[in-house]
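Input: a single structure, listed below in C-alpha cells.
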Amino acid sequence: MAMDWVVFCKDTLSGDVVSGCLGHGRDITYLNWLFTAWGWTVAVSLAALTVALVVGSAIGMIRTLPDKPWLVRLGNAWVELFRNIPLLVQIFLWYFVVPALIPSMKAFPPFILVVLALGLFTSARIAEQVRAGIQALPKGQRYAGMALGFTTPQYYRYVLLPMAYRIIIPPLTSESMNIFKNSAVAFAVSIPELTQYALQVGEETARPIEVYIAVTVLYAISALVINRVFAHIERRARVPGFVSSGTGVGGH
Amino acid sequence: MNLDFSIFNWNLIQNFILKGLWFSVMLTVVATAGGVFFGTVLALMRLSGQKWLDAPAALYVNVMRSVPLVMVILWFFLLVPLVIGRPIGAEYSAVVTFTAFEAAYFSEIMRAGIQSIPRGQVFAGQAVGMTYGQNMKLVILPQAIRNMLPVLLTQTIILFQDTSLVYAIGAYDLLKGFETAGKTFGRPMETYLMAAVVYFVICFSLSAIVKRLHKKIAIIR
Chain A
74 MAMDWVVFCK
84 DTLSGDVVSG
94 CLGHGRDITY
104 LNWLFTAWGW
114 TVAVSLAALT
124 VALVVGSAIG
134 MIRTLPDKPW
144 LVRLGNAWVE
154 LFRNIPLLVQ
164 IFLWYFVVPA
174 LIPSMKAFPP
184 FILVVLALGL
194 FTSARIAEQV
204 RAGIQALPKG
214 QRYAGMALGF
224 TTPQYYRYVL
234 LPMAYRIIIP
244 PLTSESMNIF
254 KNSAVAFAVS
264 IPELTQYALQ
274 VGEETARPIE
284 VYIAVTVLYA
294 ISALVINRVF
304 AHIERRARVP
314 GFVSSGTGVG
324 GH
Chain B
23 MNLDFSIFNW
33 NLIQNFILKG
43 LWFSVMLTVV
53 ATAGGVFFGT
63 VLALMRLSGQ
73 KWLDAPAALY
83 VNVMRSVPLV
93 MVILWFFLLV
103 PLVIGRPIGA
113 EYSAVVTFTA
123 FEAAYFSEIM
133 RAGIQSIPRG
143 QVFAGQAVGM
153 TYGQNMKLVI
163 LPQAIRNMLP
173 VLLTQTIILF
183 QDTSLVYAIG
193 AYDLLKGFET
203 AGKTFGRPME
213 TYLMAAVVYF
223 VICFSLSAIV
233 KRLHKKIAII
243 R
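Residue numbers (this note's numbering), protein chains in the order written: chain A, 74 to 325; chain B, 23 to 243.
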C-alpha cells in the first residue's frame with residue numbers, strides 16, 4: 074500500500090497541489106487546515122485544563138474541610154455525578170440540553186460548552202487527587218498551622234496546599250495528558266479539532282491512512298510535550314522525603 | 023421549556039434501549055475478558071527480563087496509551103477490513119478495538135499486581151520444584167488478580183463508559199439506542215437526559231459494589 078503524502082499539499086477547494094505546501098490567504102491546503110485543527114485541540118485542552126484545575130481544586134479542598142459535613146457531602150456528590158456519566162453523554166447534555174433548559178446559555182458558542190463539559194468532567198478526577206493529596210499529609214501539619222493561630226483559609230493557603238500540590242504532580246500529569254486525549258471526543262459536536270479533521274479530510278481526500286497517521290503523530294507529540302513540561306515542574310517542586318507513585322491507572 | 027418523558031414506554035425501551043444496552047454490556051464483558059487475558063500476556067512479556075519480549079510489549083502499551091481511544095477506534099475500523107480483506111461491520115470492529123486497546127491498560131494493572139507479590143513467594147515456588155509456568159499459574163497470578171481485583175473492576179466501569187465512544191463508527195450501543203429513540207420520536211433532550219441517568223445509575227451502583235469489595239479485601243490482607 075503506497076503512501077501519498079502529497080495529499081497534504083493540495084488546496085482544500087480546487088484539489089490542486091500548492092507549491093511549498095502551505096497556501097496563503099483564502100487558499101488553504103490540507104496542511105494549513107491540519108495545523109488549525111491542532112490549534113483547536115490545544116485550545117480546547119488548555120481551556121478545559123484551566124477549568125478542571127480551578128473547579129477540581131475547589132471541590133477537592135471542600136471535601137477535606139473539618140466540621141463542614143454538608144460541604145463535604147456536596148463535594149462528594151459532585152465527584153460521583155461527573156465521574157459516573159460518560160464524557161460523550163456529558164458533552165451532548167451541555168450541547169443539546171443545557172442551552173434549552175437555561176435560555177441565557179443559548180448565546181454560548183459550542184467551544185465554550187465543550188470546554189465546560191470536558192473541564193467539569195475532569196474536575197471530578199482532579200478533585201479526587203487534591204483530596205487525596207491533602208489527606209496524605211500528616212495530621213500534624215494541619216495542627217501546626219492551627220497552633221500558629223492561622224485561620225482555616227490561612228493554614229490551607231500557607232501550609233496544606235503548597236505541600237499537597239507538590240506531591241500530586243505525577244497524577245496531575247496523567248490527568249493533563251488525559252485531557253488532551255479526551256478532547257478528541259469534541260468531534261461529536263463538530264468542533265473542528267484533530268479527530269473531526271481526521272474524519273472529514275480522510276473522507277474528502279480518500280487518503281485516510283496518511284491523514285490518520287498525521288493526526289495520531291500530533292496527538293502523540295502533544296502528549297509528550299505535556300509530559301516533559303510536567304516532568305520539569307515535578308523536578309523543580311519535589312518535596313524532599315515525599316515520594317508518590319505516578320502510575321495512575323485508568324482513564325482515557 | 024417543558025420536558026416530556028411520556029415517550030418512554032416499554033415498546034421504546036425494548037426496541038431501542040435494551041438493544042443498545044445488550045451491545046454495550048457484551049462489549050464490556052468481552053473486552054474485559056480479552057483485555058485481562060492479553061494484558062496478562064503483555065505484562066508477563068514486560069517482566070520476562072528478555073529484551074526481545076519486553077521491547078515490543080512496551081512499545082505497544084505506550085503507543086496505545088498515548089493515542090485517544092476515538093482515534094484507535096477509527097484506526098481499527100479502517101485497518102481491520104484492509105488486513106482481512108473484507109468489511110466486518112462497526113460492532114465486530116468495536117469488539118476487536120476495545121479488546122486490543124484495553125489489553126494495554128490491563129497490562130499495566132497486571133504488571134503492578136505481579137510486582138506486588140513478595141519475591142519470597144517466587145523463591146518458595148522454585149524451592150518446591152515448580153517450573154516458571156507452574157509458579158505463575160499456581161502461585162503468582164491468582165494472588166496478583168485477587169490483589170488487583172478492585173482496580174480491574176474500576177477499569178471495567180471506565181471501559182463501560184468508554185463503550186459510548188463507538189459513536190464514532192456508528193455501532194449500536196446504549197447511547198446510540200437513546201439517540202435513535204430521541205430522533206425517531208422527536209425528543210432528543212429527554213433521551214439524552216435519560217441516557218445520562220441510566221449510565222449514572224449503572225456506574226454508580228457498580229462503583230459502590232467495588233468500594234465495598236475493596237474494603238473487604240483490604241481487611242483480609
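Even for Gly, the Cβ is constructed at its ideal location relative to N, Cα and C.
Roughly how many whole angstroms lie between the Cα atoms of residue i and residue j?
i, j, result
"A:M178", "A:F169", "11 angstroms"
"A:V298", "A:Y292", "10 angstroms"
"A:R215", "A:L122", "28 angstroms"
"A:A220", "A:M236", "18 angstroms"
"B:F182", "B:E130", "19 angstroms"
"A:Q227", "A:I207", "15 angstroms"
"B:V92", "B:V188", "8 angstroms"
"B:A217", "A:V128", "25 angstroms"
"B:L196", "B:W44", "8 angstroms"
"B:M86", "A:V91", "34 angstroms"
"B:A55", "A:L147", "36 angstroms"
"A:R136", "A:I199", "12 angstroms"
"A:D100", "A:A131", "46 angstroms"
"B:F38", "B:Y214", "13 angstroms"
"B:Q148", "B:G57", "29 angstroms"
"A:Q202", "A:Y238", "9 angstroms"
Enumerate in chain order the residues of its own chain whose CB-to-CB distance from residue i is below 7 angstroms, with the five nearest sequence positions on each side excluded.
i, result
"A:H325", "Low confidence applies to A:H325: its pLDDT is 49, below 50, so where it sits in the model is not reliable enough to give any reading."
"A:L189", "V124 and W167"
"A:W111", "L267 and L291"
"B:S46", "F182, T185, D195 and L196"
"B:C225", "I179, F182 and Q183"
"B:A102", "The sequence shown places Val at residue 102 of chain B, rather than the Ala named in the question. Same-chain partners within the cutoff: I110, S115 and V118."
Could you work out which residue in the options is closest to residue i when comparing CA atoms only?
i, options, result
"A:L186", "A:V312, A:A271, A:S118 and A:A287", "A:S118"
"B:M132", "B:M67, B:N157, B:T153 and B:V85", "B:M67"
"A:W78", "A:V115, A:P182, A:Y285 and A:M134", "A:Y285"
"B:K237", "B:N37, B:I106, B:L171 and B:R209", "B:L171"
"A:P176", "B:D76, B:S46 and B:N24", "B:N24"
"A:S249", "A:F303, A:M236, A:P265 and A:A75", "A:F303"
"A:R311", "A:N105, A:I241 and A:Q202", "A:I241"
"B:V232", "B:L175, B:A116, B:L100 and B:A53", "B:L175"
"B:L160", "B:I180, B:F182 and B:I136", "B:I136"
"A:E283", "A:Y103, A:V91 and A:P159", "A:Y103"
"B:P90", "A:V171, A:A259, A:L138 and A:G314", "A:A259"
"B:G142", "B:F128, B:I162 and B:Y127", "B:I162"
"A:V152", "A:F181, A:L161 and A:G192", "A:G192"
"B:V94", "A:V288, A:F81 and A:A279", "A:V288"
Excluding sequence positions up to five away, which residues of its chain have a Cβ less than 8 angstroms from the Cβ of residue i?
i, result
"A:G323", "With a pLDDT of only 43 at A:G323, under the threshold of 50, the placement of this residue in the model should not be trusted, and no figure is reported."
"A:G319", "Because A:G319 sits at a pLDDT of 44, beneath the cut-off of 50, its placement in the model cannot be relied upon, and the point is left open."
"B:L235", "L171, P172 and L175"
Check the Cβ of residue i against every Cβ in chain A and list those closer than 7 angstroms, keeping chain order.
i, result
"B:A203", "What B:A203 touches in chain A: nothing, since even the nearest Cβ is about 14 angstroms away."
"B:Q183", "P159"
What residues of chain A sit near residue i, judged by a beta carbon separation below 8 angstroms?
i, result
"B:F226", "E153 and N157"
Once you ignore the five residues that flank residue i on each side, which residues in its own chain have a CB closer than 6 angstroms to its CB?
i, result
"A:A120", "V188"
"A:G321", "With a pLDDT of 43 at A:G321, under the threshold of 50, the predicted position of this residue should be treated as unreliable, though the coordinate-derived value follows. Counting only Cβ-Cβ distances below 6 angstroms, and skipping sequence neighbours, we find P244 and S247."
Using the beta-carbon of each residue, which ones in chain B are nearer than 9 angstroms to residue i?
i, result
"A:Y292", "S88, V89, P90 and M93"
Run through chain B and tell me which residues come within less than 7 angstroms of residue i, C-beta to C-beta.
i, result
"A:F165", "Y214"
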